[in-house]
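Structure, as structure tokens:
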Amino acid sequence: MHSNSYRKQTYIDSTGQWLRHALVFGCGLGLAACAGPLAVAVNRPLSAPPVERTAPASGDGTAIVLAFSGGGARSAAFGYGVLSDLTERRAARPGRSLADEVVLVSGVSGGAILAAYVALHGPARLADFRRDFLDRDVEAALHTSFTPANLLRAYQGGVNDLTGLPAWLDAHLYGDATFADLGGPGRPRLLVHATDLYNRAPFIFDRRSFAALCSDVDRYPLSHAVAASAAVPVVFAPVVLRNYSHACPVARPASGDDAAGEGGSLVERDYRAALGRYRSEPDLSFLKLYDGGLVDGLGTQSLIHRMHRAPPAPLTTPEALRLDRIVFIVADASTRIGGDMSRTEAPPNAVDAIVGAADAMIDATSRHGVDALRREARAWRDRLVRWRCARADATPACSRLTVEVIRVALADIADGALRRRILGLHNRLSLGRDDVALIAGLGRRLLAGAPAFQRLFGGHPRSGARLAAR
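Position 135 (the sequence shown) corresponds to 136 in our numbering; numbering is contiguous.
Quick look at the structure:
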């Protein structure tokens, strides 16, 4: 056994040395083609203590929180269909749709592209998202071919860098917007995360996380945050953040504002410890951020982290005081089961094996994420009620608050032929028009058919044209 392990390790070491020599030799033949990926930290240091911004509450007594999963353009199309249904249904307040009751939108990877668009432009611009993103060939602007130059770029950190996806997002969707451009009237707040490779934990692009780095989130490009959330390792170079914490010129709030104090789940304690390490670890000068789906493929865990902060987070105080119903809608575009590898006795090829193994890890985490959100939503509701009823301006109705969690998922499609078609739509950033129409239509149909949604909103009439069918 020891001999076999030694020969195997020797083979791996010698193969790695051969690969390194081959790549160096290749770079000597074509220096231009071997330029490493651009990985420049563009976040700026804090120049003043961070201050949370709040917007006045609007709408009736219902608030909706959306979470869009990862899954490339498939996820964006599915979330587009879900949000289309909300846009087409009238709210209780005249002149508003259910989409206007969305106060927070969370997204990861492909879902983050849609989430950021809605947070920046508001639901009134939703119809433009299909034209601006879903019907465009995003991958044409990226390095996707299997060439020696791309293999070298992959070895050096990632085939695509800041000159690819972030530049495309700014040109077509975000217009060089920063986080300071978010939070206007009639627009939901945004929650986007990536994976911090050092801590093996989520990095949430918000004021608290940036304060831990002594960095200014308001000046950070929205496109870079979304690109980080979608940065599949090797296919994309990591998005890099500089840690200014070790010489921070301004006072920052302490990080211990969690509702759970020193307790909470192991996941929550690890997240708080990661924030603490940004301030204390001397070797943590630069964060390397990859696809957020590696740690949270649904965006639900990031919501839970926010719910563990002091009440009324993740709501604002005006929102938390006016509400009597909060509805979480999780749009899960993952495709978990199936494929062709089980039709024969032969082992899967390398690509199928790697993709299948990665999907298994990510999807298992996602399933736990929905269950965790349901558990946490109940506990969070109780904390929020205690907070409301302990205020000097508490009303007799302070305890009247219901919380619902609704999950809609492509994996729940029962039709075999349709499931196989969906499974063939890999996690790419571009889909054909027919596939976009299919997935968007399913998002709309699955939400409308969800029993909990029918119970809560089935009586809300539609207002007109069907966006997802366009």
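All C-beta atoms, glycine included, are put in the ideal place defined by N, C-alpha and C.
Note that the coordinates shown come from a computational prediction; the quantities given were computed from them, not determined experimentally.
Run of the alpha helix (DSSP H) containing residue 422, from where it starts to where it stops = 417-424
Assumed close pair residue 102, residue 65 - CB separation to whole angstroms, cut-off 8 Å = 5 Å
Residue 305 (DSSP reduced to helix, strand or coil) | helix
With which residues is residue 242 paired in a DSSP beta bridge?
-> 288
Would you call the segment 179-199 and the segment 283-297 touching, i.e. three or more CB-CB distances under 8 Å?
-> yes
Taking C-beta to C-beta, are residue 275 and residue 224 nearer than 9 Å?
-> no
Going by DSSP, name the residue or residues bridged to residue 405.
-> 328
Between the segment 124-144 and the segment 214-231, are three or more C-beta pairs nearer than 8 Å?
-> no
Just to confirm, are residue 1 and residue 211 a CB contact at a threshold of 9 Å?
-> The structure shown does not extend to residue 1, since the chain is modelled only from 2 through 471, so no value can be given for it.
Return no unless some Cβ of chain D is closer than 9 Å to the Cβ of residue 80.
-> Of the protein chains in this structure there is only one, and it is not chain D.
Element boundaries [alpha helix (DSSP H), containing residue 441] = 434-450
Bounding residues of the beta strand (DSSP E) (the contiguous stretch that carries residue 196) | 190-197
Note down the Cα distance separating residue 188 from residue 122, rounded to an integer number of angstroms.
-> 7 Å
How close, in whole Å, do the beta carbons of residue 192 and residue 307 come, if the pair is a contact with beta carbons under 8 Å?
-> 7 Å
Kindly confirm or deny that the segment 321-335 and the segment 297-306 touch, where touching means at least three C-beta pairs closer than 8 Å.
-> yes
Just mark residue 419 as buried or exposed, buried being the case when its beta carbon has 16 or more other beta carbons within 10 Å.
-> exposed
Can you grab the Cα-Cα spacing for the pair residue 391 / residue 268, in whole Å?
-> 29 Å
What is the DSSP secondary structure of residue 149, counted as helix, strand or coil?
-> helix
Would you kindly work out how many angstroms separate the C-alpha atoms of residue 71 and residue 117, rounded to a whole number?
-> 13 Å
Alpha-carbon spacing of residue 244 relative to residue 252, whole angstroms = 15 Å
Do residue 97 and residue 423 come within 9 Å of each other at the CB atom, strictly closer than that value?
-> no
Pick helix, strand or coil for residue 295, following the three-state DSSP scheme.
-> helix
Strand pairing of residue 202, partner residues [DSSP] = 197
Exposure label - residue 80; buried when at least 16 CB within 10 Å | buried
If you measure from the CB of residue 305, is any heavy atom of the ligand ADP nearer than 8 Å?
-> The model on display carries no ligand, and the ligand ADP is accordingly not part of it.
Whole-angstrom C-beta distance between residue 214 and residue 272, which should lie under 8 Å | Not a contact, Cβ separation roughly 15 Å.
Opening and closing residue of the beta strand (DSSP E) in which residue 393 lies | No beta strand (DSSP E) contains residue 393, which DSSP labels as neither H nor E.
In three-state DSSP terms, what is residue 216?
-> strand
Just to confirm, are residue 87 and residue 99 a CB contact at a threshold of 9 Å?
-> yes
Reduced DSSP category for residue 70 - H, G, I as helix; E, B as strand; rest coil = coil
Determine the closest residue to residue 49 out of 431, 250, 166 and 173, with distance taken between C-alpha atoms.
-> 250
Span of the beta strand (DSSP E) holding residue 105?
-> 103-108
Beta carbon of residue 135 nearer than 9 Å to that of residue 172 = no
At which residues does the alpha helix (DSSP H) containing residue 114 begin and terminate?
-> 111-122
Just how far apart, CA to CA, sit residue 385 and residue 456?
-> 24 Å
Beta-bridge pairing of residue 321 - partner residues as DSSP gives them | Its beta-bridge partners do not exist; DSSP assigns none.
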